[in-house]
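Undergrad:
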Amino acid sequence: MLLSVTAVLSLLSCVCGENPAVQVVLTNKGLQYGKHEAAGWIQERLSKITFPDITGSVHILFGNVDYTLTGITIVKCDLPEPSVEFLQNPPGFKTTISDLSIAITGGWRTHFGLIHDGGTFDMAIFNVDVTSVVQLGKEADGHPSVSSLSCDSQVGDVDIEFHGGASFIFQPFVKHFKGRIRDEIQKRLCPSVEGNIQSFEDHLHVMNVSVDVNEVLNLALPLTDVPIIGASSMNVGLKGEFYDIKTPVEPPFEAQPFTMPDEPSYMLSVGMSDFTLNSASYAYFSAKLLQLLITDSMIPPISPVHLNTTSLGKFIPKLAEMYPDMLMSVLVYAQEAPKFSIQPDAINVSIKAVAKASVILPNGTQIPVFTINVGSKFSSELWIDDGKLKGSVKMDNVTLTLASSEVGTFKTDSLESLARTGGSFVLMKVNQKLREGFLVLRTKHAQLVNSVLKKEKGFLSISSDVQVSLT
Numbered sequence: 007m008l009l010s011v012t013a014v015l016s017l018l019s020c021v022c023g024e025n026p027a028v029q030v031v032l033t034n035k036g037l038q039y040g041k042h043e044a045a046g047w048i049q050e051r052l053s054k055i056t057f058p059d060i061t062g063s064v065h066i067l068f069g070n071v072d073y074t075l076t077g078i079t080i081v082k083c084d085l086p087e088p089s090v091e092f093l094q095n096p097p098g099f100k101t102t103i104s105d106l107s108i109a110i111t112g113g114w115r116t117h118f119g120l121i122h123d124g125g126t127f128d129m130a131i132f133n134v135d136v137t138s139v140v141q142l143g144k145e146a147d148g149h150p151s152v153s154s155l156s157c158d159s160q161v162g163d164v165d166i167e168f169h170g171g172a173s174f175i176f177q178p179f180v181k182h183f184k185g186r187i188r189d190e191i192q193k194r195l196c197p198s199v200e201g202n203i204q205s206f207e208d209h210l211h212v213m214n215v216s217v218d219v220n221e222v223l224n225l226a227l228p229l230t231d232v233p234i235i236g237a238s239s240m241n242v243g244l245k246g247e248f249y250d251i252k253t254p255v256e257p258p259f260e261a262q263p264f265t266m267p268d269e270p271s272y273m274l275s276v277g278m279s280d281f282t283l284n285s286a287s288y289a290y291f292s293a294k295l296l297q298l299l300i301t302d303s304m305i306p307p308i309s310p311v312h313l314n315t316t317s318l319g320k321f322i323p324k325l326a327e328m329y330p331d332m333l334m335s336v337l338v339y340a341q342e343a344p345k346f347s348i349q350p351d352a353i354n355v356s357i358k359a360v361a362k363a364s365v366i367l368p369n370g371t372q373i374p375v376f377t378i379n380v381g382s383k384f385s386s387e388l389w390i391d392d393g394k395l396k397g398s399v400k401m402d403n404v405t406l407t408l409a410s411s412e413v414g415t416f417k418t419d420s421l422e423s424l425a426r427t428g429g430s431f432v433l434m435k436v437n438q439k440l441r442e443g444f445l446v447l448r449t450k451h452a453q454l455v456n457s458v459l460k461k462e463k464g465f466l467s468i469s470s471d472v473q474v475s476l477t
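Residues in the sequence shown are numbered from 7 upward in steps of one, following our numbering.
1. Identify the residues that DSSP records as bridge partners of HIS122: which are they?
2. Can you give the Cα-Cα distance for GLN453 and SER469, rounded to whole angstroms?
3. Within the continuous beta strand (DSSP E) that includes GLU422, where are the two ends?
4. Closest by CA to GLU5, which one among PHE291, ASP135, TYR329?
5. Quick one: grab the DSSP three-state call for ILE308.
6. Report the option in PHE57, CYS83, LEU229 whose CA atom is closest to the CA atom of THR76.
7. What separation, rounded to the nearest whole angstrom, lies between the Cα atoms of ALA359 and SER410?
8. Taking all protein chains shown into account, do 16 or more other C-beta atoms lie within 10 angstroms of the C-beta of ASP163, making it buried, or fewer, making it exposed?
9. If contacts are defined as beta-carbon pairs under 8 Å, then ILE166 and ILE60 qualify, I think. What distance do you get, rounded to the angstrom?
10. Where VAL242 and GLU256 are concerned, what is the direct C-alpha to C-alpha distance, given to the nearest angstrom?
11. With distances taken between CB atoms, is the gap from ALA361 to VAL338 smaller than 7 Å?
12. Taking only the alpha-carbon atoms, compute the straight-line gap between ALA352 and THR316 and give it to the nearest angstrom.
13. Which value, in whole angstroms, describes the spacing of the CA atoms of LEU195 and PHE465?
14. Could you say which of LEU318, ILE80, PHE264 lies nearest to VAL365 if we only look at CA atoms?
15. Does GLN2 pass the burial test, meaning 16 or more other C-beta atoms within 10 Å, or should it be called exposed?
16. How is the alpha helix (DSSP H) around SER285 delimited, first residue to last?
17. Along the chain, where does the alpha helix (DSSP H) containing LEU325 start, and where does it finish?
18. Spatial neighbours of LYS463 within its chain, please: CB distance less than 8 Å, with the 5 preceding and 5 following residues excluded, ordered by chain position.
19. Going by DSSP, name the residue or residues bridged to HIS211.
20. To the nearest whole angstrom, what separates the beta carbons of SER287 and ALA343, a pair I think is in contact under 8 Å?
21. Under the three-state reduction of DSSP, which class applies to LEU295: helix, strand or coil?
22. Are three or more beta carbon pairs between the stretch 199-213 and the stretch 137-157 nearer than 8 Å?
23. In chain order, which beta strand (DSSP E) runs of at least 3 residues are fully inside the stretch 192-237?
24. How would you label SER475, buried or exposed, when you count the other beta carbons within 10 angstroms and need 16 or more for buried?
25. Which residue from LYS394, LYS245, GLY113 puts its Cα closest to that of ASP231?
26. Who are the Cβ neighbours of VAL219 in its own chain at under 8 Å, not counting the five residues just before and after it?
27. Are at least three pairs of beta-carbons, each pair with one atom in the stretch 385-404 and one in the stretch 433-449, less than 8 Å apart?
28. When the Cα atoms are used, what is the spatial distance from GLY112 to THR79?
Structure (structure tokens):
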């Protein structure tokens, strides 16, 4: 296991400027929707935040008064919708919040000579402006990174009402407190923003950039380059390659460049080249998992043909003569990794396989009797309907060629017809599932809506709007 993990990490560390097999595009429509949802989430979160105590000293007519504002809690927040825009150089975002007003409450304590007093206070903070510029980047191993380039904050005014204790003495001197408290709040704003950005960066640094799809396949999704940002969209390129978990190796082909269609009327687009499909195919092939042993027990009882010498002897006479009334098995395995090709009208798959037939003797020994090369081609359609990815597959061609035989030479025409019939039966079951469809994306907090799928030469893309619930 350690060797497998090391191998995957070694492969991921080579990610540098290669062509992405997966591209994710966030449009300005998606960015603006995101900021709208984020504003509501921030307002909800602010109501749960408590602040550290504010301490200081202020000089009034009687001398210096030491004060502490404690238990500071937000009770109301008037958060105007922030302004968010793409930045092209350096790539990132600029976020501006203007005219933010906050009402907070808490307790106060004062120390004036031998006099100690305390009570509660209500504070209103007006016209808070914060502007933050965040840069996006890529670490050497493909992890995304974020960093704060700049932050500027301004607090317009502060109003305080003291209650309890000797507040009637200190209330007239609020003007002496206001400037100090305003400065204290202002100098804490940007460090708080930058701290949150750093926390997010720490999360990104340890985030997995690959995921185990099942017990065989791992999907690597590190960044291939720094995100590309234009005037109205951001494009994130991902490796998008499948590996065999146990023995990850690079396939003998590379991802080819492709250009995502411009879809500004949707929030999000995701594109995937046929390289991703072919890497999965190669991983299964490398793991020697593209093989199937077929026995007579797997054939439906109603089938007119069964996997025994009596049944197949009708097509191969010498088989029944040499091995009368015996069961058979057929081992089918891929000669090479099946090849996927995405085209505007279909997704085509070509498969080259070998079928080795054996006779099962009464003592259980299996005797090879013939080997057939199998070439087949399939085409599939994919579409999105009612939020589900649906599809269909059809067999375009199947060709059987006799490679070797221990039971004499025989024609394969009849066996080809059987293969087509059997293949059609299997595809009928497959298409029933495909037409039922699979949810495109639905998680606890997000789902795709109004999705469309497009196929172009070498890749397919899904463009969609998103519904997000951050509560």
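Glycine residues also receive a C-beta, built at the ideal position from the N, C-alpha and C atoms.
Keep in mind it's a predicted model, so treat the numbers as computed, not measured.
TA: Short version:
1. Your numbering for residue 122 matches position 116 in the sequence shown. Answer is HIS117, bridged to HIS122.
2. If you number the sequence shown from 1, residue 453 lands on position 447. If you number the sequence shown from 1, residue 469 lands on position 463. Spanning the two alpha carbons is a distance of roughly 13 Å.
3. Position 416 of the sequence shown, counted from the start, is the residue given in the question as residue 422. Unbroken run through GLU422 is the alpha helix (DSSP H), 419-442; no beta strand (DSSP E).
4. There is simply no residue 5 to check, as the chain begins at 7 and stops at 477 in what is shown.
5. As a first step, residue 308 must be located in the sequence shown, where it is residue number 302. Coil at ILE308, not helix or strand.
6. Here the question's residue 76 lines up with position 70 in the sequence shown. That would be PHE57, whose Cα lies nearest to the Cα of THR76.
7. Numbered from its first residue, the sequence shown carries residue 359 at position 353. Numbered from its first residue, the sequence shown carries residue 410 at position 404. Each residue's CA atom was taken as its position, placing ALA359 and SER410 some 14 Å apart.
8. Within the sequence shown, numbered from 1, the residue matching residue 163 stands at position 157. Exposed, since its Cβ has fewer than 16 Cβ neighbours within 10 Å.
9. In the sequence shown, residue 166 corresponds to position 160, counting from 1. In the sequence shown, residue 60 corresponds to position 54, counting from 1. Taking C-beta atoms under 8 Å as the contact rule, ILE166 and ILE60 fail to qualify, at a distance of about 11 Å.
10. Taking the sequence shown and counting its residues from 1, the one referred to as residue 242 is at position 236. Taking the sequence shown and counting its residues from 1, the one referred to as residue 256 is at position 250. Near 22 Å, if we compare the C-alpha coordinates of GLU256 and VAL242.
11. Along the sequence shown, read from residue 1 onward, the residue named residue 361 stands at position 355. Along the sequence shown, read from residue 1 onward, the residue named residue 338 stands at position 332. Taking 7 Å as the Cβ cut-off, ALA361 and VAL338 qualify as a contacting pair.
12. By one-based count along the sequence shown, residue 352 stands at place 346. By one-based count along the sequence shown, residue 316 stands at place 310. Going from the Cα of ALA352 to the Cα of THR316 covers about 41 Å.
13. As a first step, residue 195 must be located in the sequence shown, where it is residue number 189. As a first step, residue 465 must be located in the sequence shown, where it is residue number 459. Approximately 46 Å, taken between the alpha carbons.
14. Numbered from 1 along the sequence shown, position 359 holds the residue referred to as residue 365. Considering only alpha carbons, the answer is LEU318.
15. In the structure as shown, the chain begins at 7 and stops at 477. Residue 2 is therefore absent and cannot be evaluated.
16. The count along the sequence shown starts at 1 and reaches residue 285 at position 279. Judged by DSSP secondary structure, SER285 falls within the alpha helix (DSSP H) whose first and last residues are 280-292.
17. Walking along the sequence shown from the start, residue 325 turns up at place 319. Note, LEU325: alpha helix (DSSP H), 323-328.
18. Residue mapping note: residue 463 aligns to position 457 of the sequence shown, counting from 1. Counting only Cβ-Cβ distances below 8 Å, and skipping sequence neighbours, we find ILE348, GLN349, PRO350.
19. The residue labelled residue 211 in the question sits at position 205 within the sequence shown. Beta-bridge pairing links HIS211 to no other residue.
20. Counting from one through the sequence shown, the residue named residue 287 turns up at place 281. Counting from one through the sequence shown, the residue named residue 343 turns up at place 337. So it is a contact: roughly 5 Å between Cβ atoms.
21. Indexing the sequence shown from 1 puts residue 295 at position 289. Looking at LEU295 - three-state DSSP - the assignment turns out to be coil, as it is neither helix nor strand.
22. yes
23. 216-218, 223-226
24. What you label residue 475 is simply residue 469 of the sequence shown in a count that begins at 1. Exposed.
25. Here residue 231 corresponds to residue number 225 of the sequence shown, with the count starting at 1. Nearest to ASP231 by alpha-carbon distance, out of LYS394, LYS245, GLY113, is LYS245.
26. Counting from one through the sequence shown, the residue named residue 219 turns up at place 213. Result list for VAL219: LEU225, PHE248, in chain order.
27. yes
28. Here residue 112 refers to the residue found at position 106 of the sequence shown. Here residue 79 refers to the residue found at position 73 of the sequence shown. GLY112 and THR79 have their C-alpha atoms some 6 Å from each other.
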